[in-house]
Amino acid sequence: MKNIAIAVHGGAGQDSEFIRMNQIAYKAGLVKAVNTGYETLKQGGSALDAVENAVRLMEDNPIFNSARGSALNAKGEVEMDASIMDGSKHSAGAVSIVRNVKNPVTLARFIMENTSHVFISGYGALEIAKENNLELEVDSYFITEHRVDELIKERMDDTDDIKRKRKNG
Amino acid sequence: TVGAVALDNAGNIAAATSTGGTSNCLSGRIGDSCIIGAGCFANNSSCAVSGTGDGELLITNVIAHSIAFYMELKNCSVQEACDYVIHQRNKDVEGDIGVIALDAMGNFGISYNSQRMLRAWKMNEEIVTVKIYK
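Those protein sequences? They're chains U and S, same order as listed. With the numbering used here applied, the first sequence corresponds to residues 558 to 726, in that order. With the numbering used here applied, the second sequence corresponds to residues 530 to 663, in that order.
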């Protein structure tokens with residue numbers, strides 16, 4: 558039998574009290590994503606299906622910084638980015654500054670498979686999602702207490718500070 | 530940021546990355562998660578990579594593609610490629626970089642220079658390994 562394998566990540570950076578306090582939930586979310594992706598592979602699904610399914614699960618989990626659990630920018634808005642790449646065809650899809658799309662990774666894959674483009678951003682990406690009935694959510698779906706607390710804590714007065722802050726995804 | 534890399538039983542690999550961005554950043558700021566070659570890359574002949582950390586560093590140092598290309602150039606393992614790109618070639622950058630990678634034989638490459646990287650992986654019928662810190 559040929560090898561099948563999957564790895565997932567939930568971000569890298571400085572440690573925080575929130576992470577230390579939520580290790581069990583984080584680990585549970587990571588294990589669930591691996592098992593979901595692995596099950597896709599075990600059923601004979603493609604690596605592309607597996608990574609999309611694993612990332613979708615983490616996008617739906619408010620504890621991770623993606624989709625439902627997105628960080629908030631200086632205006633308190635959600636702006637999501639995602640990309641996907643198929644190693645067998647060397648094809649790729651990407652979206653950036655997307656709002657209201659429940660699973661940005663699925664929109665990225667849609668762009669890879671249904672347009673001749675690789676990367677579509679902002680309102681163009683949202684239009685494609687709407688025209689092709691990809692799942693959308695209202696703004697409040699993406700707002701979590703943890704991210705609001707984080708923004709309030711980090712808020713700096715003048716824009717220069719914001720421009721110079723370390724940018725940790 | 531979240532990401533995944535996978536190998537299927539046809540021997541194909543793929544990568545995906547998704548992020549909600551950075552807290553309190555300027556409107557319109559994008560990071561590495563949507564930049565092919567920086568936060569996401571896959572090529573059957575080398576490896577699949579999903580990156581995370583300081584977005585600007587992954588973009589300016591083209592991290593994901595560097596790992597895949599280094600593997601091809603040096604014919605080394607995916608773990609060696611991850612370690613070289615993060616801990617040697619970019620040892621002087623100030624900021625956090627973390628990657629998960631996987632080649633078409635099922636070998637993992639996991640490397641990061643930050644205080645933590647939330648990660649988990651599984652191959653064949655092994656039990657899932659899940660880690661946050663070293």
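Built from N, CA and C at the ideal position, the CB exists for glycine as well. Note that the coordinates shown come from a computational prediction; the quantities given were computed from them, not determined experimentally.
If you follow the alpha helix (DSSP H) that Asp643 (chain U) is part of, which residue opens it and which one closes it?
-> For the purposes of this step, residue 643 (chain U) is identified with residue 86 of the first sequence, where counting begins at 1. Looking at the DSSP string, Asp643 (chain U) is not in any alpha helix (DSSP H); the run it does join, the beta strand (DSSP E), is 637-643.
In angstroms, rounded to a whole number, what distance separates the CA positions of Asn636 (chain S) and Ser547 (chain S)?
-> Start at 1 with the first residue of the second sequence, and residue 636 (chain S) comes out as number 107. Start at 1 with the first residue of the second sequence, and residue 547 (chain S) comes out as number 18. Computed Cα separation, rounded: 23 Å.
State buried or exposed for Met578 (chain U), treating a residue as buried only when at least 16 other CB atoms are found within 10 Å of its CB.
-> Reading the first sequence from its first residue, position 21 is the one you call residue 578 (chain U). Exposed, because fewer than 16 other Cβ atoms sit within 10 Å of the Cβ of Met578 (chain U).
Give the residues from the region 612-623 of chain S that approach chain U closer than 9 Å (Cβ to any Cβ), ordered along the chain.
-> Glu623
Sort U:His703, U:Asp606, U:Pro661, U:Met558 by Cα distance to Glu684 (chain U) and report the nearest one.
-> If you number the first sequence from 1, residue 684 (chain U) lands on position 127. Of U:His703, U:Asp606, U:Pro661, U:Met558, the residue nearest in Cα terms is U:Pro661.
Buried or exposed: Tyr662 (chain S), going by 16 or more other Cβ atoms within 10 Å of its Cβ?
-> Here residue 662 (chain S) corresponds to residue number 133 of the second sequence, with the count starting at 1. Tyr662 (chain S) should be labelled exposed.
Below-7 Å beta-carbon distance, Leu708 (chain U) vs any chain S residue | Position 151 of the first sequence, counted from the first residue, corresponds to residue 708 (chain U). Answer yes: the Cβ-Cβ gap between Leu708 (chain U) and chain S drops below 7 Å somewhere.
For Asp643 (chain U), return the contacting residues in chain S, with the cut-off set at a CB-CB distance below 8 Å.
-> Here the question's residue 643 (chain U) lines up with position 86 in the first sequence. The answer, in chain order, is Asn541, Ala543, Ala571.
Starting from Glu574 (chain U), find everything on chain S with Cβ-Cβ shorter than 7 Å and list it in chain order.
-> Here residue 574 (chain U) refers to the residue found at position 17 of the first sequence. Those within 7 Å of Glu574 (chain U) in chain S number zero; the least Cβ separation is about 12 Å.
Look up Gly726 (chain U) in the DSSP assignment and say whether it is helix, strand or coil.
-> Here residue 726 (chain U) refers to the residue found at position 169 of the first sequence. Note that Gly726 (chain U) scores 49 on pLDDT, short of 50, meaning its location in the model is unreliable; the coordinates nonetheless yield the value given after this. In this structure, Gly726 (chain U) counts as coil in the three-state DSSP scheme.
With 16 as the cutoff for other CB atoms within 10 Å, does Cys563 (chain S) come out buried or exposed?
-> Along the second sequence, one-based indexing puts residue 563 (chain S) at 34. Here Cys563 (chain S) is buried. Its C-beta has 16 or more other C-beta atoms within 10 Å.
Residues of chain U with a CB under 8 Å from the CB of Phe637 (chain S): which are they?
-> Reading the second sequence from its first residue, position 108 is the one you call residue 637 (chain S). Residues of chain U passing the Cβ test: Ala562, Ala564.
Cβ neighbours of Asp632 (chain S) in the same chain (closer than 6 Å, five flanking residues each side left out) | The count along the second sequence starts at 1 and reaches residue 632 (chain S) at position 103. Excluding positions up to five away in sequence, the list reads Cys576, Val607.
Taking 7 Å as the cut-off, decide whether the C-beta atoms of Lys632 (chain U) and Ser552 (chain S) are in contact.
-> Along the first sequence, one-based indexing puts residue 632 (chain U) at 75. Along the second sequence, one-based indexing puts residue 552 (chain S) at 23. No; because the gap between Cβ atoms is not below 7 Å, this pair is not in contact.
Closer than 8 Å, Cβ to any Cβ of chain U: which residues of the region 549-569 of chain S, in chain order?
-> Gly549, Gly550, Thr551, Ser552, Asn553, Cys554, Leu555, Ser556, Gly557, Arg558, Ile559, Gly560, Asp561, Ser562, Cys563, Ile564, Ile565, Gly568, Cys569
In chain S, which residues lie less than 8 Å from Val591 (chain U) when you measure between Cβ atoms?
-> Residue numbering aside, residue 591 (chain U) sits at position 34 when the first sequence is read from its first letter. Here the neighbours are Ala649, Trp650, Lys651, Val657, Val659.
Are the C-beta of Glu711 (chain U) and some C-beta of chain S separated by less than 7 Å?
-> Taking the first residue of the first sequence as position 1, residue 711 (chain U) is located at position 154. At a cut-off of 7 Å between beta-carbon atoms, Glu711 (chain U) makes contact with chain S.
Which full runs of the alpha helix (DSSP H) of 4+ residues lie inside the region 639-692 of chain U, going along the chain?
-> 661-671, 679-688
Cβ of Gln600 (chain U) within 7 Å of any chain S Cβ = Counting from 1 along the first sequence, the entry for residue 600 (chain U) is found at position 43. So, not an interface residue.
If Ala628 (chain U) and Ser640 (chain U) are in contact, beta carbons under 8 Å, what's the gap, nearest whole angstrom?
-> Here residue 628 (chain U) corresponds to residue number 71 of the first sequence, with the count starting at 1. Here residue 640 (chain U) corresponds to residue number 83 of the first sequence, with the count starting at 1. About 17 Å separates the two Cβ atoms, so there is no contact after all.
Give every residue of the same chain whose Cβ lies closer than 6 Å to the Cβ of Val622 (chain S), excluding the five residues on either side of it in the sequence, and list them in chain order.
-> Here residue 622 (chain S) refers to the residue found at position 93 of the second sequence. Closer than 6 Å at Cβ, skipping near neighbours: Leu586.
Report yes or no: do three or more beta-carbon pairs, one from the region 566-580 of chain S and one from the region 686-699 of chain U, lie closer than 8 Å?
-> no
Would the beta-carbon of Ser645 (chain U) fall within 7 Å of that of Asn642 (chain S)?
-> As a first step, residue 645 (chain U) is located in the first sequence; it is residue number 88 there, counting from the start. As a first step, residue 642 (chain S) is located in the second sequence; it is residue number 113 there, counting from the start. It is not a contact, given that the beta carbons lie outside the stated cut-off.
Under 8 Å by Cβ, that's how I've got Ala533 (chain S) and Ile563 (chain U) pegged, so tell me the actual separation to the nearest angstrom.
-> Along the second sequence, one-based indexing puts residue 533 (chain S) at 4. Along the first sequence, one-based indexing puts residue 563 (chain U) at 6. The Cβ separation is near 6 Å, so the contact holds.
For the alpha helix (DSSP H) containing Ile600 (chain S), list its first residue and its last residue.
-> Position 71 of the second sequence, counted from the first residue, corresponds to residue 600 (chain S). The question names Ile, but residue 600 (chain S) in the sequence shown is Met. Its alpha helix (DSSP H) spans residues 592-603.
Is there at least one Cβ from chain U nearer than 7 Å to Asn538 (chain S)'s Cβ?
-> For the purposes of this step, residue 538 (chain S) is taken as residue 9 along the second sequence, with counting starting at 1. By this cut-off, Asn538 (chain S) is an interface position.
How about Ala624 (chain U) and Glu616 (chain U): do their beta carbons lie closer than 7 Å?
-> Translated into positions along the first sequence, residue 624 (chain U) becomes position 67. Translated into positions along the first sequence, residue 616 (chain U) becomes position 59. Cβ atoms of Ala624 (chain U) and Glu616 (chain U): closer than 7 Å.
What is the rounded straight-line gap between the Cα of Thr593 (chain U) and the Cα of Gly550 (chain S)?
-> Here residue 593 (chain U) corresponds to residue number 36 of the first sequence, with the count starting at 1. Here residue 550 (chain S) corresponds to residue number 21 of the second sequence, with the count starting at 1. Near 24 Å, if we compare the C-alpha coordinates of Gly550 (chain S) and Thr593 (chain U).
Measure the beta-carbon distance from Arg704 (chain U) to Gly626 (chain U) and round it to whole angstroms, keeping in mind my assumption that it falls under 8 Å.
-> As a first step, residue 704 (chain U) is located in the first sequence; it is residue number 147 there, counting from the start. As a first step, residue 626 (chain U) is located in the first sequence; it is residue number 69 there, counting from the start. Yes, they are in contact, since the Cβ atoms of Arg704 (chain U) and Gly626 (chain U) sit about 7 Å apart, within 8 Å.
Is it buried or exposed for Ala539 (chain S), if we count other Cβ within 10 angstroms and need 16 for buried?
-> Residue 539 (chain S) sits at position 10 when you count from the first residue of the second sequence. Counting Cβ neighbours within 10 Å, Ala539 (chain S) comes out exposed, since fewer than 16 surround it.
For Ser640 (chain S), is the beta carbon positioned less than 6 Å from some heavy atom of the ligand ATP?
-> Ligands displayed in this structure: none; no statement on the ligand ATP is therefore possible.
Chain-ordered chain S contacts of Glu609 (chain U) [CB-CB under 7 Å] | Here residue 609 (chain U) refers to the residue found at position 52 when the first sequence is read from its first residue. Result: Ala545.
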